[in-house]
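Below is one structure; the comments refer to it alone.
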Amino acid sequence: MTETATAGPTSPAATRRPTGRSWTGFARQYGAAALLVLLLAYNAVFTRNFLSWQTLMDVQLRQAAPVAIVALGMALVIAVAGIDLSVGSVMAIAGQVGALTVLGGLPPALAVLLALAVAAACGVFNGTLVVRYGVQPIIATLILFIAGRGIAQLLSGGKLTGFRNPGLQFLGLGRIAGVPMPVMLMIVVAAVLWFVVRYTGYGRTLLATGGNTAAARLAGVRTGRVTMVAYIASAALAGLVGLVVIGITAASDANNVGLGVELDAIAAVAVSGTPLTGGRISVVGTVVGAVMLRLLQNTLIAQGVPREIAQIVTGVVIVVALFLQRRAR
Amino acid sequence: MSTSTGSTSTGSTTTAPARIGRIGRVLQKQGALIALIVLVVFGTLRYGESFATGFNVQSVLADDAKYALVALGMCFVIMTGGIDLSVGSVAALGGVVAVQLSGAGLVPAVLAAVAVGAVAGLVNGVLIARFRLAPFLVTLASLLVARGLALYLADARSAVAQPGGFTAFGAWKLLGIPVSFWIVALLFAVGALVLDRTDFGRNVLAVGGNEDAARLMGLPVDRTKVAVYTLSGALAGTAGAFLGAQTGSVDAAAGQGWELSAIAAVVVGGTLLTGGVGSVLGTLVGVLLLQLIFNVIVFENSRGGLQISSYWESVIRGAFLLVVVLLQVRLTRGRRAALA
Amino acid sequence: MAQEPLLRCSGMDKSFAGVPALRDVHMSVAAGEVRALIGQNGAGKSTLIKVLTGVYRRDAGQVEFAGNPVDFTSTQDAQRNGLATIYQEVNLVPYRSVAENICIGRARRRFGLIDWKAVNAEARERLAALDVHVDVTRPLVEYPIATQQMTAIARALSFDAKLVIMDEPTSSLAEREVATLLDVIRRLRDEGVAIVFVSHRLDELYAVCDTITVLRDGRTVADSPISELSRYDLVSTMLGRELTESERRGQHVGATATAAAPTVLEARDLRRAPVLNGSSVTLRRGEVVGLAGLLGSGRSETARALFGADPVTDGEIHRDGEPVRFASPQEAIRARIGFNSEDRKGEGIIPDLSVRENITLALLPRLLRRGIVDRGRQQEIVDRFIRRLDIKLAGPDQKISELSGGNQQKVLLARWLCTDPEVLILDEPTRGIDVGAKQEIQNLVRELADDGLSVLLISSELEELITDCDRVVVLRDGATVAELEGEDISEKSMLHAMAEGTAATGSRQPSGSREEDEVHD
């Protein structure tokens with residue numbers, strides 16, 4: 001039945017598609033994954049002890065996890081054709097709020113809740129500007145990017161806020177079933193998002209809103225609310241990562257927590273083959289992108305390539321990903 | 001003749017929205033200027049003569065020179081509807097190159113920085129205009145590449161200039177004001193003239209206003225885009241050279257975050273991020289306004305009594321941006337409503 | 001027109017992805033000639049224009065311009081050589097001044113810099129030549145469409161255009177503005193400029209054109225002086241068949257049956273200046289009501305207001321007799337109303353989503369169980385409607401953007417039908433889709449109405465309204481000006497109401513008409 005349908009004269013595009021463009025289509029979809037596999041294979045052969053649990057979990061994945069989690073939130077925002085530059089500042093604010101809360105003698109659970117609530121409020125701020133006032137996402141989130149770090153610094157007085165709190169440090173240093181907490185969080189967040197995108201009504205409306213806002217609205221989708229939720233989720237995930245980062249060092253450094261993370265996160269989304277124009281999201285691809293970019297850096301550096309050259313390679317990888325997207329159009 | 005009625009009707013319907021548009025434009029374009037004047041008057045009244053004259057003016061203008069250059073390039077890019085995230089890194093790259101060539105003298109060092117920046121911008125422009133890649137991501141990639149190159153050239157340390165003409169330039173003064181300021185002023189004047197009075201300038205606004213129409217009107221859309229990114233890169237390179245000349249060295253983190261400050265200044269100056277409407281002098285005002293906030297805080301603190309943390313600076317900058325953006329939204333909405 | 005033509009093209013072929021858009025098309029225009037170019041949507045007019053002006057490259061064919069073979073590589077190229085185009089949507093830069101829009105690219109200079117004084121003076125002069133007197137320093141966006149169009153024409157003429165192609169320039173103009181434009185065209189003709197004029201309004205064509213080229217399915221099917229082609233022949237050539245008395249929907253379903261049916265949706269005196277100035281329409285159960293009117297007459301605006309997509313400042317909407325005010329489409333959907341926009345690409349399909357997700361988008365809230373999509377039910381519904389509407393696809397997981405226009409439209413219809421609506425508003429449902437799919441959609445609308453669905457059908461094709469509708473409401477300048485029923489639904493009556501706006505509700509025949517229909521109800 002399928003055959004007769006595709007053979008129909010009215011759907012030439014359906015049958016024409018794969019031939020000739022298949023490799024770029026493949027590269028676009030699985031390019032990041034293929035590069036990751038290549039890097040893994042290379043390291044498995046040439047790097048000593050690479051395939052050990054210790055190296056993979058505690059070094060490679062744990063280093064990639066914070067950016068990956070932020071990137072997942074970023075992917076949600078990008079799916080509605082937005083962008084969130086404020087994630088780094090939100091990380092700093094949330095980390096500072098968390099640290100101050102436990103220093104104030106309150107339980108770590110409350111610290112986490114409070115930090116996430118403040119982060120979510122930042123998301124509401126971003127979302128309100130975008131949805132209610134129609135401000136372009138770059139500018140809307142630039143405001144908090146600039147002001148947010150100042151707020152975090154004001155909270156900290158510009159000093160490193162050290163703390164000792166096993167509960168809060170657990171987020172950065174703890175393990176569940178031998179898996180480091182950051183990695184565990186990354187897996188949980190990715191799994192939840194994957195489920196949301198694939199099986200829930202929100203996932204459908206998210207892609208519909210990003211793909212064609214006007215059409216989605218006419219089909220009864222509350223596009224404003226969908227967009228707002230994406231910004232809140234992005235900020236909340238950034239807040240979570242802020243707590244993870246201060247948990248690792250047992251100190252909140254408002255000047256440096258999350259510095260530049262927005263660009264790393266956007267890069268991870270971009271290499272996963274997701275265009276910034278909205279309507280698409282790849283949860284697995286985003287995680288793969290973040291892990292791959294980190295492993296690429298680590299591998300190059302481990303091979304004696306200067307860090308700065310490794311950075312150049314990352315830039316080139318992004319451009320290549322863009323070219324592949326373009327070809328696929 | 002039947003046509004006369006037609007033509008009068010088209011003429012008369014314009015007056016009401018025109019007036020709204022005029023007030024709107026004045027506010028939108030001059031809002032930042034008004035705020036700047038208020039801030040200067042406030043500062044002078046509160047902190048006395050020293051705020052408006054002497055050391056303060058010099059330091060503000062000299063410090064702002066590099067930001068202003070980057071913002072000038074950014075302004076042109078944004079007016080075409082694009083964005084250039086690479087300016088901070090390109091400035092660092094230009095700075096490192098200039099510092100490393102400082103032994104060869106002032107002119108070769110600065111020219112090399114400009115050239116390196118222009119090449120970086122050219123690559124951005126070609127990728128964006130010719131290959132139709134998204135400006136945001138292309139310039140994000142070149143941000144990484146340019147900083148990598150800068151670090152590589154500086155051998156991951158800060159590049160230190162050789163004493164001589166290059167570093168002396170940083171101290172040159174004309175009429176008691178650093179030469180870098182005069183150069184910036186000149187470039188902005190030229191920029192304003194180019195925007196207002198040359199085909200290139202008008203093409204920039206046309207491309208940003210309606211790219212398809214610009215194409216159909218036969219304007220060189222791709223060339224214009226390549227040109228603005230090249231210009232932005234070249235100005236960023238110049239900014240890097242200034243930085244090197246002023247401080248005598250360029251460190252690895254130089255220029256970090258400049259791109260976003262520049263975007264903020266451009267937007268505060270009344271340029272629409274969607275392109276098509278913009279102001280070169282407004283951008284200068286935006287730069288000065290955002291920088292002056294810092295000086296006000298410094299003076300307030302030096303006055304004693306009320307102590308304001310310098311961290312308020314970025315918070316206040318963000319608040320300024322917020323106010324400007326909301327104002328622009330109201331105006332564009334009002335205008336659209338008046339025209340609907 | 002004995003003289004050598006200024007533009008002559010022949011054997012023009014152009015295909016897109018293997019689908020021919022032009023096949024062996026020919027056309028010629030002489031200096032001082034106004035040639036009408038007409039054809040239905042998708043007949044190839046726009047493609048021909050774009051091929052001639054260098055937007056697209058032709059696959060085959062010769063083009064001679066001013067005696068030389070030419071092959072323009074860009075609009076810029078064509079413009080430099082004296083071939084200018086005024087596009088359907090005004091293609092100028094909204095935030096720049098009128099003067100700049102006229103002169104950009106070749107502005108006068110002094111000392112190498114643009115001399116704004118001279119530029120403004122020149123623009124003023126050029127517009128004055130078209131009898132338009134406005135402040136040329138104001139941004140273009142502040143002026144009405146007519147002025148913007150005159151600006152575009154002035155720009156074209158500033159390039160010493162020998163040939164001006166006008167692609168539906170009158171579609172968004174008011175009557176008086178049209179008259180001005182036609183005067184300008186005559187004036188240009190008298191100055192020896194050749195003009196290709198695309199319009200769907202026959203009156204305009206006959207008022208101003210000397211010759212006519214008719215395209216159908218990408219071929220030239222007529223090429224003659226317009227005086228030799230009667231309106232009847234013109235329309236039948238364009239449609240490709242003898243214009244028989246269209247069979248009427250009223251003959252399928254007894255008009256009495258729907259006349260007695262309860263009113264399901266009613267709009268009274270909807271207003272939102274300047275687009276809606278008192279539009280009213282009633283829809284009874286099982287009825288197909290047409291909304292007729294020229295572009296900009298407020299058809300789509302009325303539909304959108306009914307659906308809660310746009311607000312109104314005044315007027316009432318009743319659903320099953322109850323006053324309602326939908327603040328958003330989802331409230332209208334909850335009241336079992338569906339609305340299919342005329343802009344399939346812009347407001348219909350979600351291009352990156354599968355056919356499955358596109359079909360069930362409006363139904364989504366009802367497919368959720370604790371926020372999770374019930375895949376089984378979704379699949380069942382999707383399968384049912386793909387079969388019911390005979391949607392041709394590789395499978396429900398195929399992206400909608402890969403389907404043909406007709407199949408995309410069917411998917412969008414399925415999106416609404418699966419919500420089991422009582423009222424369906426269809427805005428130009430058959431525009432730009434192939435003949436087969438069009439027929440299928442028309443049949444479907446009929447069947448649905450027979451099953452009790454109430455349909456509000458907006459169409460620019462009068463024939464479609466005649467064929468499909470029980471009643472037709474005619475809008476003009478945002479207000480309801482006529483309501484036609486049964487036998488009274490004819491091209492003539494509709495055209496008259498659209499143009500004159502006189503046929504008030506109840507009075508059925510245009511004055512001086514030969515159609516003396518008997519009252520039938």
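Protein chains in written order, with the UniProt record's numbering: chain F, 1 to 329; chain V, 1 to 340; chain P, 1 to 521. Just so you know, even glycine gets a beta-carbon here, dropped at the ideal spot from N, CA and C.
Quick check: is the beta carbon of Ser341 of chain P nearer than 8 angstroms to any beta carbon in chain F?
True, the Cβ-Cβ gap to chain F drops below 8 angstroms.
Below 8 angstroms on the Cβ atoms is my guess for Val472 of chain P versus Ile489 of chain P; work out the distance and round it to an integer in Å.
Right, the Cβ-Cβ distance comes to about 5 angstroms (below 8 angstroms), so this counts as a contact.
To the nearest whole angstrom, what separates the beta carbons of Ser252 of chain F and Gln96 of chain F, a pair I think is in contact under 8 angstroms?
Right, the Cβ-Cβ distance comes to about 5 angstroms (below 8 angstroms), so this counts as a contact.
Which parts of the stretch 142-173 of chain P are runs of the beta strand (DSSP E), unbroken and 3 residues or longer, counting only runs that do not cross its ends?
List check, beta strand (DSSP E) in window: 163-167.
How many Å lie between residue 351 of chain F and Gln328 of chain V at the Cα?
In the structure as shown, chain F starts at 1 and stops at 329, and residue 351 of chain F therefore has no counterpart that could be examined.
Would you say Ala303 of chain P faces chain F, with C-beta separation under 8 angstroms as the test?
No, no contact with chain F.
Bridge partners for Arg319 of chain P per DSSP, in chain order?
According to DSSP, Arg319 of chain P bridges with P:Leu265 and P:Glu322.
Looking at Gly73 of chain V: is its Cβ nearer than 8 angstroms to the Cβ of Leu231 of chain V?
Their beta carbons are under 8 angstroms apart, which means Gly73 of chain V touches Leu231 of chain V by this criterion.
Looking at residue 525 of chain P: is its Cβ nearer than 8 angstroms to the Cβ of Glu440 of chain P?
Here chain P comprises residues numbered 1 to 521, so residue 525 of chain P is not present and cannot be evaluated.
Which two residues bound the contiguous beta strand (DSSP E) that contains Phe197 of chain P?
Unbroken beta strand (DSSP E) run through Phe197 of chain P: Ala194 to Val198.
Please state if the CB of Arg476 of chain P and the CB of Gly293 of chain P are separated by a distance shorter than 8 angstroms.
Yes, the pair counts as a contact, with Cβ atoms nearer than the cut-off.
Mind checking who Asp13 of chain P pairs with in its DSSP beta bridge?
In the DSSP output, where bridge partners are listed per residue, Asp13 of chain P has P:Ala60.
For Gly278 of chain P and chain V, any beta-carbon pair shorter than 8 angstroms?
No, no contact with chain V.
Below 7 angstroms CB to CB, which residues in the same chain sit around residue 345 of chain V once its five sequence neighbours on both sides are set aside?
Residue 345 of chain V lies beyond the residue range present for chain V, which begins at 1 and ends at 340; the question has no answer from this structure.
Suppose the cutoff is 6 angstroms on Cβ atoms and the five residues either side in sequence are ignored; what does the same chain contact list for Asn49 of chain F look like?
Closer than 6 angstroms at the Cβ level, and outside the excluded window around Asn49 of chain F, lie Thr55.
In chain P, which residues lie less than 8 angstroms from Leu207 of chain F when you measure between Cβ atoms?
Near Leu207 of chain F (Cβ distances below 8 angstroms), the residues of chain P are Ile350, Asp352, Leu353 and Glu357.
Using a Cβ cut-off of 8 angstroms (strictly closer), state whether Glu112 of chain V contacts chain F.
Before going further, note that residue 112 of chain V is Ala rather than Glu in the sequence given. Ala112 of chain V does not count as touching chain F.
Taking only the alpha-carbon atoms, compute the straight-line gap between His133 of chain P and Tyr143 of chain P and give it to the nearest angstrom.
Each residue's Cα considered, the two are about 12 angstroms apart.
According to the neighbour-count rule (16 or more other Cβ atoms, all chains shown, within 10 Å of its Cβ), is Trp172 of chain V buried or exposed?
It is exposed - the Cβ of Trp172 of chain V has fewer than 16 other Cβ atoms within 10 Å.
On the DSSP letters alone, give me the boundaries of the alpha helix (DSSP H) that Trp125 of chain F sits inside.
At residue 125 of chain F the sequence reads Phe, which differs from the Trp that was named. Taken as a continuous stretch (DSSP letters only), the alpha helix (DSSP H) holding Phe125 of chain F covers Pro108 to Val131.
Scan the stretch 286-374 of chain P and note each continuous beta strand (DSSP E) run of 3 residues or more that stays entirely inside, going in chain order.
With a minimum length of 3 residues, the continuous beta strand (DSSP E) runs that stay inside the stretch 286-374 of chain P are 288-292, 314-319, 322-324 and 337-340.
If you pair each beta-carbon of the stretch 288-301 of chain F with each one of the stretch 267-275 of chain F, do three or more pairs fall below 8 angstroms?
Yes, the stretch 288-301 of chain F is in contact with the stretch 267-275 of chain F.
For Asp374 of chain P, I'd like the list of residues in its chain whose CB is within less than 8 angstroms of its CB, leaving aside the five on either flank, ordered along the chain.
Correct list, in chain order: Leu367 and Leu368.
Give the residues of chain F in contact with Pro329 of chain P, contact being defined as C-beta atoms less than 9 angstroms apart.
Neighbours of Pro329 of chain P on chain F, chain order: Arg217, Leu218, Ala219, Gly220 and Val221.
Find out if the Cβ-Cβ distance for the pair Arg126 of chain P, Ser158 of chain P is shorter than 8 angstroms.
It is a contact, given that the beta carbons lie within the stated cut-off.
Assign Ala2 of chain P to one of three DSSP states: helix, strand, or coil.
Here the model assigns Ala2 of chain P a pLDDT of 48, short of 50, so the residue's position is not dependable and the matter cannot be decided.
Quick one: grab the DSSP three-state call for Leu219 of chain V.
Correct three-state label for Leu219 of chain V: coil.
Considering only C-alpha positions, which residue in the set P:Glu168, P:Val141, P:Leu181 and P:Arg176 is nearest to Ala154 of chain P?
Checking every option, the nearest Cα to that of Ala154 of chain P belongs to P:Leu181.
How is Val70 of chain P classed by DSSP in three states: helix, strand or coil?
Looking at Val70 of chain P - three-state DSSP - the assignment turns out to be coil, as it is neither helix nor strand.
Over the uninterrupted alpha helix (DSSP H) stretch that includes Ile38 of chain P, give me the two end residues.
Ile38 of chain P -> not in any alpha helix (DSSP H); beta strand (DSSP E) instead, spanning Val34 to Ile38.
Using only the alpha-carbon positions, how far apart do Ala66 of chain P and Ile433 of chain P sit?
One C-alpha to the other measures close to 37 angstroms.
Ignore the nearest five residues each way along the sequence and tell me which others in Val266 of chain V's own chain have a CB closer than 7 angstroms to its CB.
Once the five neighbours on either side are set aside, the close Cβ partners of Val266 of chain V are Ala71, Met74, Cys75, Ile78, Thr283 and Gly286.
Is there contact here, the stretch 200-212 of chain P with the stretch 31-44 of chain P, by at least three beta-carbon pairs under 8 angstroms?
Touching, per the Cβ criterion.
Can you tell which of F:Leu276, F:Gln311 and F:Ser272 has its C-alpha closest to the C-alpha of Leu36 of chain F?
For the residues F:Leu276, F:Gln311 and F:Ser272, the minimum Cα distance to Leu36 of chain F belongs to F:Ser272.
Work out the CA separation of Ala191 of chain F and Gly98 of chain F for me, nearest whole Å.
Going from the Cα of Gly98 of chain F to the Cα of Ala191 of chain F covers about 25 angstroms.
Between the Cα of Ala32 of chain V and the Cα atoms of V:Asn301, V:Gly117, V:Gly270 and V:Phe299, which residue gives the shortest distance?
That would be V:Gly270, whose Cα lies nearest to the Cα of Ala32 of chain V.
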